[in-house]
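*Asks:* The sequence shown begins at 33 in our numbering and counts up by one. Backbone N, C-alpha and C define an ideal beta-carbon position, used for all residues, glycine too. Keep in mind the model is a prediction, meaning the values are calculated, not measured.
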Amino acid sequence: MKTKTLHFLLLLTSLVGYLEWSGDSHSFLVEAEWELFSKVFTSPQSVIHPFILLPFMGQILLVITLFQRKPSKTLTYIGIGCLGLLLVCMFLIGIISLKYKIVCSTIPFLVLSVYTIKHHSTKKIITLKGD
């Protein structure tokens, strides 16, 4: 699979994370991000939190790699790490609280992250024929 396709799929799967809290409240990450963008201009201090800024930074880094001729491994790894912090926490919370919707919503990102890291870490070895 092409690297840019993997990065695009990472972005998409990061947006389908599902959150549940206090009874009937629930949201997908894409909805939560949209709400945060609307608050940036009215109340910027309310969106300054590491669990908000780090995943957002990870998404920005993955978007940057989509526009690079040869996507940077370093930016990819940092982007996956930043997004992974939130999604791994969501996965663990889903397991602990037995919320299968949360667990199922994070699995695509986690599996794709492992696949992308393996894709980037495999190097083509060129062998030269001996005399």
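(1) For His58, which three-state DSSP category applies?
(2) Nearest CA to the CA of Thr35: which residue from Thr97, Leu124, Leu130, Val79?
(3) Report the option in His152, Ser46, Trp53, Val143 whose CA atom is closest to the CA atom of Leu118.
(4) Thr132: buried (16+ other C-beta within 10 angstroms of its C-beta) or exposed?
(5) What are the boundary residues of the alpha helix (DSSP H) that includes Leu51?
(6) With DSSP collapsed to three states, give me the class of Thr154.
(7) Taking DSSP as the reference, what is the three-state secondary structure of His81?
(8) How is the alpha helix (DSSP H) around Lys36 delimited, first residue to last?
(9) Quick one, are the C-beta atoms of Cys121 and Leu93 less than 9 Å apart?
(10) From Pro87 to Pro76, what distance separates their C-alpha atoms?
(11) Looking at the structure shown, is Lys102 part of a helix, part of a strand, or coil, going by DSSP?
(12) Taking the Cβ atom as the reference point for each residue, do Phe141 and Gly116 lie within a distance shorter than 9 Å?
(13) Relative to the C-alpha of Leu51, which residue among Ser78, Val95, Arg101, Glu65 is closest?
(14) Leu44: buried (16+ other C-beta within 10 angstroms of its C-beta) or exposed?
*Replies:* To lay it out plainly:
(1) Here His58 sits in strand by DSSP.
(2) Ranking Thr97, Leu124, Leu130, Val79 by Cα distance to Thr35 puts Thr97 first.
(3) Taking only the C-alpha atoms, the option nearest Leu118 is Ser46.
(4) Rather than Thr, the amino acid found at residue 132 in this sequence is Tyr. Tyr132 is exposed by the Cβ-count criterion.
(5) Leu51 -> not in any alpha helix (DSSP H); beta strand (DSSP E) instead, spanning 50-53.
(6) Thr154: coil per DSSP, three-state reduction.
(7) Residue state, collapsed to three classes: coil.
(8) Going by DSSP, Lys36 is part of the alpha helix (DSSP H) stretching over 35-47.
(9) Not closer than 9 Å, so no.
(10) Computed Cα separation, rounded: 17 Å.
(11) Reduced to three states, the DSSP call for Lys102 is coil.
(12) Yes.
(13) When each option's Cα is compared against that of Leu51, the closest is Glu65.
(14) By the 10 Å Cβ count, Leu44 comes out exposed.
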